[in-house]
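Below is one structure, written out as structure tokens, with a few remarks after it.
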Amino acid sequence: MPADDHAHDHGSELSEMQLRVRALETILTEKGYVDPAALDQIVENVETKIGPHIGARVVARAWVDPAFKQRLLADATEAVNSVAEFDPVGAHLIAVENTPQTHNVVVCTLCSCYPWPVLGLPPVWYKSAPYRSRTVIDPKGVLADFGVSLPAGTDIRIWDSTAETRFLVVPMRPAGTDGWSEEALAALVTRDSMVGTGLPKSPEEQKAEAG
Amino acid sequence: MTNSIHDMGGMHGFGPVEPEPNEPVFHADWERRVYALQRAMGATGLWTIDGGRASLENLPPLAYLAASYYKRWFLGLERRVVAHGLVGEDEITAGRALRPGIRLNRKLTLDDAKVMSFANFDRPSAGPARFKPGDPVRTKSIHPTTHTRLPRYARGKLGTVEAVRGCHVFPDTAAVGAGENPQWLYGVVFTGRELWGEEADPAIKVSIEAFEPYLVPA
Numbered sequence: 001m002p003a004d005d006h007a008h009d010h011g012s013e014l015s016e017m018q019l020r021v022r023a024l025e026t027i028l029t030e031k032g033y034v035d036p037a038a039l040d041q042i043v044e045n046v047e048t049k050i051g052p053h054i055g056a057r058v059v060a061r062a063w064v065d066p067a068f069k070q071r072l073l074a075d076a077t078e079a080v081n082s083v084a085e086f087d088p089v090g091a092h093l094i095a096v097e098n099t100p101q102t103h104n105v106v107v108c109t110l111c112s113c114y115p116w117p118v119l120g121l122p123p124v125w126y127k128s129a130p131y132r133s134r135t136v137i138d139p140k141g142v143l144a145d146f147g148v149s150l151p152a153g154t155d156i157r158i159w160d161s162t163a164e165t166r167f168l169v170v171p172m173r174p175a176g177t178d179g180w181s182e183e184a185l186a187a188l189v190t191r192d193s194m195v196g197t198g199l200p201k202s203p204e205e206q207k208a209e210a211g
Numbered sequence: 001m002t003n004s005i006h007d008m009g010g011m012h013g014f015g016p017v018e019p020e021p022n023e024p025v026f027h028a029d030w031e032r033r034v035y036a037l038q039r040a041m042g043a044t045g046l047w048t049i050d051g052g053r054a055s056l057e058n059l060p061p062l063a064y065l066a067a068s069y070y071k072r073w074f075l076g077l078e079r080r081v082v083a084h085g086l087v088g089e090d091e092i093t094a095g096r097a098l099r100p101g102i103r104l105n106r107k108l109t110l111d112d113a114k115v116m117s118f119a120n121f122d123r124p125s126a127g128p129a130r131f132k133p134g135d136p137v138r139t140k141s142i143h144p145t146t147h148t149r150l151p152r153y154a155r156g157k158l159g160t161v162e163a164v165r166g167c168h169v170f171p172d173t174a175a176v177g178a179g180e181n182p183q184w185l186y187g188v189v190f191t192g193r194e195l196w197g198e199e200a201d202p203a204i205k206v207s208i209e210a211f212e213p214y215l216v217p218a
């Protein structure tokens with residue numbers, strides 16, 4: 001939904017919030033507590049630097065490099081920080097691997113903890129009451145909301161992010177991608193596939209989207 | 001408060017999850033500013049991340065549910081700057097500063113903001129970990145009136161320690177200004193049936209990240 005629709009849905013709240021937030025920023029700036037240029041920089045960081053493209057590169061690397069995958073699953077923080085071309089991700093990152101037997105899904109029932117350094121800021125649905133309430137009790141229903149159905153007999157493992165540990169799902173590599181470059185593979189890795197509410201694109205899906 | 005509306009795991013009635021195609025990072029400019037204000041004021045070190053969460057959890061339930069995510073952040077931040085004596089209620093009402101600010105020990109500068117950094121909650125341990133992977137444990141049935149990270153649906157339940165995460169800042173004390181009080185943190189897994197009863201799907205397992213004081217041997 002584009003921003004305009006959202007504004008339409010919550011028109012009165014939006015303008016009230018614009019005024020209240022502007023007032024608080026004015027007060028905090030006038031009192032010398034914040035620097036507006038630093039605030040702009042913080043926004044720029046999350047809008048342009050971090051995002052799911054980082055996680056996608058990590059996953060693609062794991063798909064092509066078994067040694068990296070092993071390190072990632074043993075200690076994701078160490079593994080990601082060891083690759084010079086990746087930005088450091090901070091502490092407490094844990095990678096969990098999907099297999100034909102087990103599908104992983106990440107949630108934070110108590111607030112909205114999310115692996116910012118590798119996925120950026122969370123989408124609205126991740127922070128919503130429906131997702132936070134239902135994922136731990138009815139994960140198949142939640143996956144159905146995303147149009148995902150798993151093969152019969154697949155176990156589902158939910159990771160509730162109740163501390164400062166953060167979880168990244170490593171989805172299964174799609175079939176028909178033998179010999180693909182890391183870069184080409186990264187383009188198949190969706191944000192939702194790294195939260196567990198989606199699957200990576202297949203080469204056919206990617207082709208259909210491009211077509 | 002902990003038995004409050006934020007602890008949503010297992011609740012019914014909120015309806016379907018509604019994914020938004022091609023979702024932007026922010027949906028309105030004020031959300032950008034709230035995000036940045038929260039990060040910048042957090043950097044002053046005047047409160048902990050747990051204290052920040054607690055201030056959201058203490059919102060009246062109807063206000064919590066009615067507010068969008070960033071509105072909740074805003075309401076919590078507004079409460080916190082007043083509670084810490086940084087801003088007066090009269091200034092919130094006036095929409096401008098009426099007095100000079102108090103001195104801060106730390107203020108986030110533009111140069112600080114240019115470096116993306118993420119907090120580290122690992123701390124040295126005071127003693128050995130009580131549990132190891134494979135140990136059966138039971139979560140305590142606790143209902144503190146202050147902040148905790150043991151969700152209601154996983155209290156009093158039988159689980160298995162799966163991983164030892166190291167020794168981390170303990171949210172229950174950090175949130176109330178009682179210190180970091182580092183505790184061992186574990187990944188503890190439960191069967192769906194243990195959490196949700198005999199009717200639950202046997203294919204489901206749920207894990208939480210549980211601090212040692214939440215656990216007893218089983």
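In order, the protein sequence lines correspond to chains A and B.
One point on numbering: in the numbering used here, the residue at position 114 of the first sequence is 114, and numbering is uninterrupted.
One point on numbering: in the numbering used here, the residue at position 182 of the second sequence is 182, and numbering is uninterrupted.
No residue lacks a Cβ here, since even glycine has one placed at the ideal position from N, Cα and C.
Return the residue from the list the options that minimises the CA-CA distance to residue i.
{"i": "Leu185(B)", "options": "Asp29(B), Ala200(B), Leu108(B), Val164(B)", "result": "Val164(B)"}
{"i": "Asp145(A)", "options": "Ala154(B), Pro16(B), His12(B), Arg96(B)", "result": "Pro16(B)"}
{"i": "Ala175(B)", "options": "Ala40(B), Ala154(B), Arg149(B), Glu194(B)", "result": "Arg149(B)"}
{"i": "Met41(B)", "options": "Asn45(A), Val34(A), Gly147(A)", "result": "Val34(A)"}
{"i": "Val195(A)", "options": "Pro115(A), Leu39(A), Glu204(A), Gly153(A)", "result": "Pro115(A)"}
{"i": "Ala23(A)", "options": "Trp47(B), Pro21(B), Leu75(B)", "result": "Leu75(B)"}
{"i": "Tyr70(B)", "options": "Leu108(B), Phe26(B), Leu195(B), Leu86(B)", "result": "Phe26(B)"}
{"i": "Phe118(B)", "options": "Arg166(A), Trp125(A), Phe68(A), Ile158(A)", "result": "Arg166(A)"}
{"i": "Pro171(B)", "options": "Tyr35(B), Ile49(B), Gly10(B)", "result": "Ile49(B)"}
{"i": "Thr102(A)", "options": "Arg157(A), Val58(A), Asp178(A)", "result": "Arg157(A)"}
{"i": "Val220(B)", "options": "Ala129(B), His147(B), Ser141(B), Pro144(B)", "result": "Here chain B has residues from 1 to 218 only, and residue 220(B) is not among them."}
{"i": "Leu77(B)", "options": "Ile5(B), Arg33(B), Tyr214(B)", "result": "Arg33(B)"}
{"i": "Gly9(B)", "options": "Ala210(A), Trp159(A), Leu185(A), Val169(A)", "result": "Trp159(A)"}
{"i": "Gly45(B)", "options": "Ile92(B), Pro124(B), Leu104(B), Gly197(B)", "result": "Leu104(B)"}
{"i": "Trp73(B)", "options": "Lys127(A), Val58(A), Gln41(A)", "result": "Lys127(A)"}
{"i": "Val59(A)", "options": "Ala208(A), Gln206(A), Val169(A), Lys201(A)", "result": "Val169(A)"}
{"i": "Asp192(A)", "options": "Val124(A), Trp180(A), Gly211(A)", "result": "Val124(A)"}
{"i": "Gly198(A)", "options": "Val142(A), Ala152(A), Gly153(A), Asp178(A)", "result": "Val142(A)"}
{"i": "Leu86(B)", "options": "Trp180(A), Ile27(A), Cys113(A), Thr77(A)", "result": "Ile27(A)"}
{"i": "Thr173(B)", "options": "Ala54(B), Ala28(B), Thr109(B)", "result": "Ala54(B)"}
{"i": "Ser141(B)", "options": "Gly134(B), Lys157(B), Phe131(B)", "result": "Lys157(B)"}
Within 8 angstroms (strictly less), CB to CB, does residue i reach chain B?
{"i": "Ala7(A)", "result": "In this prediction, Ala7(A) scores a pLDDT of 45, lower than 50, which makes its location untrustworthy; the coordinate-derived value is nonetheless stated afterwards. True, the Cβ-Cβ gap to chain B drops below 8 angstroms."}
{"i": "Val195(A)", "result": "no"}
{"i": "Met172(A)", "result": "no"}
{"i": "His92(A)", "result": "yes"}
{"i": "Asn45(A)", "result": "yes"}
{"i": "Leu199(A)", "result": "no"}
{"i": "Asp75(A)", "result": "no"}
{"i": "Gly120(A)", "result": "yes"}
{"i": "Arg132(A)", "result": "yes"}
{"i": "Gly211(A)", "result": "no"}
{"i": "Trp63(A)", "result": "no"}
{"i": "Ile50(A)", "result": "yes"}
{"i": "Glu205(A)", "result": "no"}
{"i": "Ile137(A)", "result": "yes"}
{"i": "Ala3(A)", "result": "Reliability fails at Ala3(A), whose pLDDT of 43 lies under 50, so the model's placement of it is uncertain and no value is given."}
{"i": "Val58(A)", "result": "no"}
Roughly how many whole angstroms lie between the Cα atoms of residue i and residue j?
{"i": "Gly176(A)", "j": "Pro66(A)", "result": "18 angstroms"}
{"i": "Ala66(B)", "j": "His12(B)", "result": "17 angstroms"}
{"i": "Gly101(B)", "j": "Asn58(B)", "result": "26 angstroms"}
{"i": "Thr190(A)", "j": "Arg138(B)", "result": "37 angstroms"}
{"i": "Thr29(A)", "j": "Leu19(A)", "result": "15 angstroms"}
{"i": "Ile137(A)", "j": "Val216(B)", "result": "24 angstroms"}
{"i": "Glu209(B)", "j": "Pro151(B)", "result": "10 angstroms"}
{"i": "Pro24(B)", "j": "Ser15(A)", "result": "19 angstroms"}
{"i": "Ala94(B)", "j": "His147(B)", "result": "32 angstroms"}
{"i": "Arg155(B)", "j": "Ala163(A)", "result": "16 angstroms"}
{"i": "Gly177(B)", "j": "Gln183(B)", "result": "16 angstroms"}
{"i": "Leu62(B)", "j": "Ile5(B)", "result": "9 angstroms"}
{"i": "Glu89(B)", "j": "Tyr214(B)", "result": "38 angstroms"}
{"i": "Gly55(A)", "j": "Val169(B)", "result": "26 angstroms"}
{"i": "Lys31(A)", "j": "Asp112(B)", "result": "19 angstroms"}
{"i": "Leu195(B)", "j": "Asn3(B)", "result": "17 angstroms"}
{"i": "Trp63(A)", "j": "Glu97(A)", "result": "11 angstroms"}
Consider the Cβ of residue i: report whether some Cβ of chain A lies at a distance smaller than 8 angstroms.
{"i": "Val137(B)", "result": "no"}
{"i": "Ser4(B)", "result": "no"}
{"i": "Tyr142(B)", "result": "Correcting the residue identity first, residue 142(B) is Ile in this sequence and not Tyr. Cβ-Cβ to chain A under 8 angstroms: no for Ile142(B)."}
{"i": "Leu37(B)", "result": "yes"}
{"i": "Pro100(B)", "result": "yes"}
{"i": "Asp201(B)", "result": "yes"}
Please confirm if residue i has its CB atom under 8 angstroms from at least one CB of chain C.
{"i": "Glu209(B)", "result": "Judged by its chain identifiers, the structure shown contains no chain C, and its protein chains are A and B."}
Going along the chain, which residues of the region 119-130 of chain B sit with their C-beta nearer than 8 angstroms to a C-beta in chain A?
Ala119, Asn120, Phe121, Asp122
Could you run through the region 14-35 of chain A and flag, in chain order, every residue whose CB is less than 9 angstroms away from some CB of chain B?
Leu14, Met17, Gln18, Leu19, Arg20, Val21, Arg22, Ala23, Leu24, Glu25, Thr26, Ile27, Leu28, Thr29, Glu30, Lys31, Gly32, Tyr33, Val34, Asp35
Under 8 angstroms, with one C-beta from each stretch per pair, do the region 106-123 of chain A and the region 38-50 of chain A reach the 3-pair mark?
yes
Which residues, taken in chain order from the region 144-176 of chain A, show a beta carbon closer than 8 angstroms to some beta carbon of chain B?
Asp145, Phe146, Gly153, Thr154, Asp155, Ile156, Arg157, Ile158, Trp159, Asp160, Ser161, Thr162, Ala163, Glu164, Thr165
Of the residues that make up the region 15-30 of chain B, which ones have a beta carbon closer than 9 angstroms to any beta carbon in chain A?
Gly15, Pro16, Val17, Glu18, Pro19, Glu20, Pro21, Asn22, Glu23, Pro24, Val25, Phe26, His27, Ala28, Asp29, Trp30
Closer than 9 angstroms, Cβ to Cβ, to anything on chain B: give me those residues from the region 104-118 of chain A, in chain order.
Val107, Thr109, Leu110, Cys111, Ser112, Trp116, Pro117
Contact set between the region 103-117 of chain B and chain A, restricted to residues whose Cβ is under 8 angstroms from the partner:
Leu104, Lys107, Leu108, Thr109, Leu110, Asp112, Ala113, Lys114, Met116, Ser117
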